[in-house]
Amino acid sequence: MFNELSSMTIPADSEDLAWSVVNGLPGASVIVFDRDLLVLAAGGESLKARGFDREAMLGRQLQNLLDPATYRLYEPYYHAALAGETRTLEAETVDREWIDSTDFSPLRSSTGEVIGGVASARDVTEARRAQEARREAN
9 MFNELSSMTI PADSEDLAWS VVNGLPGASV IVFDRDLLVL AAGGESLKAR
59 GFDREAMLGR QLQNLLDPAT YRLYEPYYHA ALAGETRTLE AETVDREWID
109 STDFSPLRSS TGEVIGGVAS ARDVTEARRA QEARREAN
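The structure is reproduced here in structure tokens:
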């Protein structure tokens, strides 16, 4: 298998490759933001499923994209990422339709300076509801 992988031709634009991978992950999303909490990049199947338009998100402040309760919940995690910390939050959406596990981490320059953050989320709704059903059954 290693020989197969090493003989693959990687596209010159690896950023396109990376976003192709992100957009193909079921139930996942990634948002890259700067120090002012402006969206620099966004992608993922779960953004589309929840009605977000990736292109419309670009250049907008996170506070203006999320409902106020969700933003208040996530804001300390955004700032922790900007302070160089990595944190995880598992939370139910305001409408209680989905449960996400989101990792917030710093985005660093080549010199190690924190220049923004990354929020990568996974939809864990089915797994958590199955756990809850098993707990209630016991």
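The numbering of the sequence shown is the working numbering, which starts it at 9 and goes up by one. Just so you know, even glycine gets a beta-carbon here, dropped at the ideal spot from N, CA and C. Nothing here was measured: the structure is a model prediction, and the numbers come from that model.
Thinking just about the alpha-carbon of each residue, which of the options is nearest to the one in residue i?
i	options	result
valine 47	Tyr82, Ile107 and Arg62	Arg62
alanine 89	Gly35, Val126, Leu70 and Ser28	Val126
phenylalanine 112	Leu45, Arg68 and Ala135	Leu45
alanine 36	Leu70, Pro84, Thr110 and Pro76	Thr110
glycine 92	Glu83, Tyr85 and Pro114	Pro114
arginine 68	Ala50, Tyr85, Thr78 and Ser117	Ala50
glutamate 134	Asp24, Ser28 and Pro34	Pro34
Residue i: buried (16+ other C-beta within 10 angstroms of its C-beta) or exposed?
i	result
glutamate 12	Confidence in glutamate 12 is poor, its pLDDT being 41 and thus under 50, which makes the residue's placement unreliable; the coordinate value appears in the next sentence. That one is exposed.
serine 54	buried
aspartate 131	buried
leucine 66	exposed
alanine 129	buried
arginine 142	exposed
Tell me residue i's beta-bridge partners as DSSP assigns them.
i	result
phenylalanine 112	Arg95 and Ala127
serine 37	Ala129
leucine 46	Gln69
glutamate 4	As shown, the chain starts at 9 and ends at 146. That puts residue 4 outside it, with no answer to give.
Between residue i and residue j, which are expected to be in contact by the criterion C-beta below 8 Å, what is the C-beta distance as a whole number of angstroms?
i	j	result
glycine 52	valine 38	6 Å
alanine 99	leucine 81	6 Å
aspartate 42	isoleucine 107	The pair is not a contact, with the Cβ atoms about 28 Å apart (cut-off 8 Å).
arginine 95	tyrosine 79	So it is not a contact: roughly 16 Å between Cβ atoms.
Any chance you could list the alpha helix (DSSP H) runs of at least 4 consecutive residues sitting entirely within the region 50-80, in chain order?
53-57 and 62-65
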